[in-house]
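Protein chains: 2
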Amino acid sequence: MSNRSVVAAARCHQGAALPVWFMRQAGRSLPEYRELRRDLPMLDACRTPEVVVEASLQPVRRHGVDAAIVYSDIMLPLAQAGIDLEIRAGVGPVIADPIRTAAQVRSLPELDPSSLAPIAVAVGAIRAALAPERALIGFAGAPFTLASYLVEGGPSRDYARTKALMAADPGLWDELCTRLAAMSATFLRVQVDAGADVVQVFDSWAGSLAAADYERQVLPHSASVLGSVRVPRIHFGVGTGELLALMGRAGAEVVGVDWRVPLDEAARRIGPGRAVQGNLDPALLGAPWPVIAERARAVIRAGAHAPGHIFNLGHGVPAGADPAVLTRLVELVHTEGPALRAEASATREEPHEGS
Amino acid sequence: MSNRSVVAAARCHQGAALPVWFMRQAGRSLPEYRELRRDLPMLDACRTPEVVVEASLQPVRRHGVDAAIVYSDIMLPLAQAGIDLEIRAGVGPVIADPIRTAAQVRSLPELDPSSLAPIAVAVGAIRAALAPERALIGFAGAPFTLASYLVEGGPSRDYARTKALMAADPGLWDELCTRLAAMSATFLRVQVDAGADVVQVFDSWAGSLAAADYERQVLPHSASVLGSVRVPRIHFGVGTGELLALMGRAGAEVVGVDWRVPLDEAARRIGPGRAVQGNLDPALLGAPWPVIAERARAVIRAGAHAPGHIFNLGHGVPAGADPAVLTRLVELVHTEGPALRAEASATREEPHEGS
C-alpha cells in the first residue's frame, strides 16, 4: 500500500483517507500563477521548466491538495512534434492548418521524445520538491479529444467535421488516432520516467458521442494510450453518463466522472474493482459556503459506495473561482471525509442497487 | 385518431406512418430564408407576420416535412414583455441588464397577451395555408433555459451564475421561474388559440444539471408550462440522458431525445405510454449519404420500440447543413419508415429489456 493517498485510492486501498486534488488547480484561478505567467504564451510557459515547476507546486502550497499535476497542456506534445498551433487565451487550442485530408493525416510528424526534455526536467524537479506523501500526476489527451481540435481547427460545439470524418472514412480516422495515441503515449512515458506517480488521460469531449461510436472508434485508441504506462491511471471526460461502462473497460484504475451522475451510480455503471474520481459541480463554487459544504458532503457519501474515491471537481476549476473556497474545500475533505466515508460505507448495500 | 401524423404519433396512435420534422427547419440552412431575412434583426422578423408565415412554410414546401413549426424564438415573449434583449447572429440571446438580484426579479414585467397579436395573426395564416394532414407546432422555452439566459446575460458553457443562484436562494429562483413560466404559458396559449396543433417546450440546457436539482428546482416549473395547454406536448433538451425518467413525468406526451441515448433505451427510461422524438446526430449531416441513411434507419428501428415515434434530429439543423440532404432524409423516413418500423416492432421484446 502506497503512502501516497492518491495512489492508494487509485488502487482501491485507501483505508480511511480521502485524497483530493482539482483539475486545473494549476492555473488561472491563482493570483500567484497570473503573476508568474504574465505575458508568456501558454505553450512557451509549458516549455520553461522553472515556470512548470512553480505553477505545478503553487496549488499544493496554497491548498494542501494531495497531488500536484504537471502544469502543461494536452496539445503540447503535438506542438513539440511540429504541428503549428497555439493556445489562445479565452479560446483554447487554435490549429493553423486543420487536418482534414488523408494527405494531411499521413504527413503528420512523429514526436521525438527528446523534444520533451524540458518537461522531463520539470517533472523531476517537481517530484523532488514534493513531500513524499503527495502524488505527482502526469497527463495527456485521449486521441478523440486531440483529433477534434486538429480536425475542427479549434474548440467546437458540435464536432461536426470530426464526426463526419469518423463516419465517412473510418480507416483514415483510425490512422489519425493511431498517430495521436503514439504522441500521447510518449508524452505520458516521459512524465512517468521522470517521476510522475499517477497519470490522467483527458478525453474531455468524448461525451459528445453516442456509445456505439465511442466503443468502435474511440475506446481502442484511448486504451492504447492508457496501456502505455505502468502507474495507476485515471480516465476522464465530461458528460460521459452513457459511456461510463465502456470507460471502465479502457484500462484505467480510476474513472473520473462529472457532476451529472452521482458517484454511487457511476460506480455501478463502471463496474467492480475501479475507483472513481469527482465530482462536485465547479459551477457551484460561486454559491455560499454552506451550500458548497453540503454538496461536497453528498459527493463524499456517494463516493463511499465505490471501492476507491479521489475527491475532485466534476470538471476544471473555473478561471473566476475564489481560491479561498478551494482551500476550504480541501480542509473539509480532509477533516470530514474519513468519518463521512465510514458512515456511508456502513450503510452500503451489497450488491449496491444504484439509484 | 388524428389525420395529422405528428399528432397521432404524439398520442401513440400512429399506425404505420412515421412522421418527420426538424428542429430549426425554419431558418438559416435555407437560402430562401436568408433571402427573406436579409438584414432584418431576428426579433423584428419574429414580429412581422408575413415573415413568420413565409419562414414557417418554406421547409414544408421544400422538404415535405409533416409539420411546420412557428418561426420564432424562445426569448420573444420576454422581449414582448419589455425585457431589453437582442438575438445576436452567431451568438444567441444577449440581455442588456442581466437579472441577478431579488429587486430585478421582482421588477420583471408581466407579459400582456395582446403584445403577441402579430404572432397570433401569423399562426392563423400558417394553419390556413398548411395542408390539413400537416401539423403546426407552436413552442416556448422552459423556465430553466430562459432563466439561464437572463441570469448569465447570454449563452454560457457552465451556467455558473444560474447554478449559484439556484443553490444560494431557492426561493428567489422559484420566483424567477414562476414569472418565466407564466410568460411561456401565455406564449403557448396564444399559439394554440390561433391554431397550433402541437407544442414543443424547449429546455435546451437542462442537461447541464444533476438530476436531483432538476427534479426539485426545474421540473415543477416546466410542468407548469406544459400543463397550460390542451394539445399534445413535446418536451426536449440536449444531453438529458440522466433526466429522461423525470422528463417523462413533466406532463408531455412526447419526450425529445438527443443522439446520445438510443431511442429504445430512451423509451425504457421515459416509461410507458410516452412517445419519443429524435434523434439523428445533426453533426452527421455532413457525412456521405449512405452513412446518413444507415444511421437514419438505425434511429427508425430503435424508435419502433417506443409506443410512438416522431423522427427528428437530436438537436437543431446546423446553419451549414445542405438542404438537399434534409429533403432526402424526409424521403427516406417516408418511404422506408413504415416497413422498418413494422419489422423492428415484430422483434420487440415485451417487456422491453433495454440495452
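Order-wise, the sequence lines are chains A and B. Using the numbering used here, read the first sequence as starting at 1 and increasing by one per residue. Using the numbering used here, read the second sequence as starting at 1 and increasing by one per residue. Backbone N, C-alpha and C define an ideal beta-carbon position, used for all residues, glycine too.
Quick one: is residue i buried, meaning 16 or more other Cβ sit within 10 Å of its Cβ, or exposed?
| i | result |
| --- | --- |
| W173(A) | buried |
| G82(A) | exposed |
| N279(B) | buried |
| V91(B) | exposed |
| S256(A) | The sequence as given places Gly at residue 256(A); Ser does not occur at that position. By the 10 Å Cβ count, G256(A) comes out buried. |
| E110(A) | exposed |
| D97(A) | exposed |
| G171(B) | exposed |
| E353(B) | Any reading at E353(B) must be qualified, since the residue scores a pLDDT of 43, below 50, and its modelled position is unreliable; the value itself is stated next. Exposed, by the Cβ-count rule. |
| A128(A) | exposed |
| W205(A) | buried |
| H63(B) | buried |
| G273(A) | exposed |
| G271(B) | exposed |
| S228(A) | buried |
| D258(A) | buried |
| A211(A) | buried |
| S107(A) | exposed |
| R34(B) | exposed |
| P351(B) | Interpretation of P351(B) is limited by its pLDDT of 48, a score under 50 that renders its predicted location unreliable; no figure is taken from the coordinates. |
| A194(B) | buried |
| E253(B) | buried |
| D112(B) | exposed |
Comparing the C-beta of residue i with each C-beta of chain B, is any distance below 8 Å?
| i | result |
| --- | --- |
| Y159(A) | yes |
| A168(A) | yes |
| G386(A) | Lying outside 1 to 355, the shown extent of chain A, residue 386(A) is not represented and no answer is given. |
| G271(A) | no |
| D281(A) | yes |
| G239(A) | yes |
| P232(A) | no |
| P318(A) | yes |
| L340(A) | no |
Can you pull the chain A neighbours of residue i, defined as C-beta to C-beta under 7 Å?
| i | result |
| --- | --- |
| R260(B) | A210 and E242 |
| A284(B) | It is Leu, not Ala, that sits at residue 284(B) in the sequence shown. Within 7 Å Cβ-Cβ: K163, A164 and A167. |
Determine which residues share a DSSP beta bridge with residue i and list them.
| i | result |
| --- | --- |
| R233(A) | V199(A) |
| L313(A) | L280(A) |
| R88(B) | G92(B) |
| D302(A) | In the sequence on display, residue 302(A) carries Ala and not Asp. Answer by DSSP bridge pairing: none, since A302(A) is not bridged. |
| G251(A) | DSSP, once it has assigned bridges, lists no residue as partnering G251(A). |
| A68(A) | L136(A) |
| A275(A) | V254(A) |
| V20(A) | F311(A) |
| G141(B) | F202(B) |
Starting from residue i, find everything on chain B with Cβ-Cβ shorter than 9 Å and list it in chain order.
| i | result |
| --- | --- |
| D291(A) | For the sequence presented, residue 291(A) should be read as Val rather than Asp. Under the 9 Å cutoff, chain B gives A164, A167 and A168. |
| G154(A) | Per Cβ cutoff of 9 Å: no residues; G154(A) is ~14 Å from chain B at best. |
Which bits of chain B does residue i rub up against, with CB to CB less than 8 Å?
| i | result |
| --- | --- |
| P365(A) | Nothing can be reported for residue 365(A): it is not among the residues displayed for chain A, which extend from 1 to 355. |
Determine, using beta carbons only, whether residue i comes closer than 8 Å to chain A.
| i | result |
| --- | --- |
| P351(B) | Note that P351(B) scores a pLDDT of 48, beneath 50, so its modelled location is shaky; the value from the coordinates is reported in the next line. No - not a single Cβ of chain A is within 8 Å of the one on P351(B). |
| A287(B) | yes |
Task: the stretch 133–144 of chain B in contact with the stretch 194–205 of chain B per 3-pair CB rule at 8 Å - done: yes
- [ ] Decide yes or no for the touch test of the stretch 35–55 of chain B against the stretch 154–163 of chain B: beta carbon pairs closer than 8 Å, at least 3 of them.
- [x] no
Open item on the list: Whether or not the stretch 5–16 of chain B and the stretch 52–59 of chain A are in contact is what I'm after, with contact meaning three or more pairs of Cβ atoms, one per stretch, closer than 8 Å; do they touch?
Closed with: no
Task: Contact the stretch 312–324 of chain A vs the stretch 10–27 of chain A: 3+ CB pairs below 8 Å - done: yes
Open item on the list: Measuring CB atoms only, is the stretch 286–306 of chain A touching the stretch 236–248 of chain A, in the sense that at least three cross pairs come out at less than 8 Å?
Closed with: no
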